[in-house]
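Scroll down for the structure; my scribbles are underneath it.
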Amino acid sequence: MELADRLPADGSAYHLNSPRYALLDQLVHQLNIAGHRVETIATDQWVRGLVEYGEHHPQAAISPFVPLFTEKWGPERVSVVDLYVEDRMPRLGCTRTWDAFAYLTGQSCPATEDLLPGCVEVLTSSGFLPAPSSPLSRTPAR
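Under this note's numbering, think of the first position of the sequence shown as 119, with each following residue one higher.
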């Protein structure tokens with residue numbers, strides 16, 4: 119918000135993402151390191167489970183997002199899941215955000231290897247993710 123409040127509006131967006139994207143296996147690795155027990159399953163099995171969960175828990179935070187994983191859009195008829203293969207991964211730039219951050223604060227972009235563990239920590243401390251059973255270690259992402 120501070121970027122939007124302190125810089126002139128020019129119709130551009132500030133993306134808050136890592137300059138280096140992380141694949142799902144890296145997120146799973148970080149969640150497991152933090153003590154969240156995550157097992158991997160086939161994508162279609164996960165989507166079926168998500169749909170079933172959404173049907174039984176319509177007020178859950180994830181429920182409004184179920185169509186992103188089940189409906190197909192555009193001329194290529196793809197879902198969000200279809201986009202998350204490495205050769206189709208959307209590339210969102212964050213150079214503008216980090217440049218503005220440096221301009222306003224005099225600090226540079228945080229180290230990218232620290233972003234994913236920090237995100238997991240914030241999601242856990244905010245209550246979005248349940249508290250893990252026990253953290254394994256605090257080693258950096260591979």
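Where a beta carbon is used, it is the ideal one built from N, C-alpha and C, also for glycine.
Where does residue i fall in DSSP's three states?
i, result
"Val196", "strand"
"Pro235", "helix"
"His154", "coil"
"Leu141", "coil"
"Phe219", "helix"
"Ala122", "helix"
Check the C-beta distance from residue i over to residue j and give it rounded, since I have them as a contact under 8 Å.
i, j, result
"Leu125", "Ala218", "6 Å"
"Val169", "Val184", "6 Å"
"Leu149", "Val238", "6 Å"
"Leu247", "Leu241", "5 Å"
Taking the straight line between their C-alpha atoms, what separation do you get for residue i and residue j?
i, j, result
"Tyr171", "Gly211", "33 Å"
"Lys190", "Ser197", "5 Å"
"Trp164", "Thr188", "11 Å"
"Tyr221", "Thr213", "12 Å"
"Leu201", "Ala140", "14 Å"
"Ser243", "Gln144", "20 Å"
"Thr215", "Ile151", "29 Å"
Does the region 155 to 162 touch the region 172 to 184, meaning 3 or more C-beta pairs lie closer than 8 Å? Not touching, per the Cβ criterion.
In chain order, each alpha helix (DSSP H) run of at least 4 residues that lies wholly inside the region 157 to 194
Taken in chain order, the whole alpha helix (DSSP H) runs of length 4 or more contained in the region 157 to 194 are 161 to 174 and 184 to 188.
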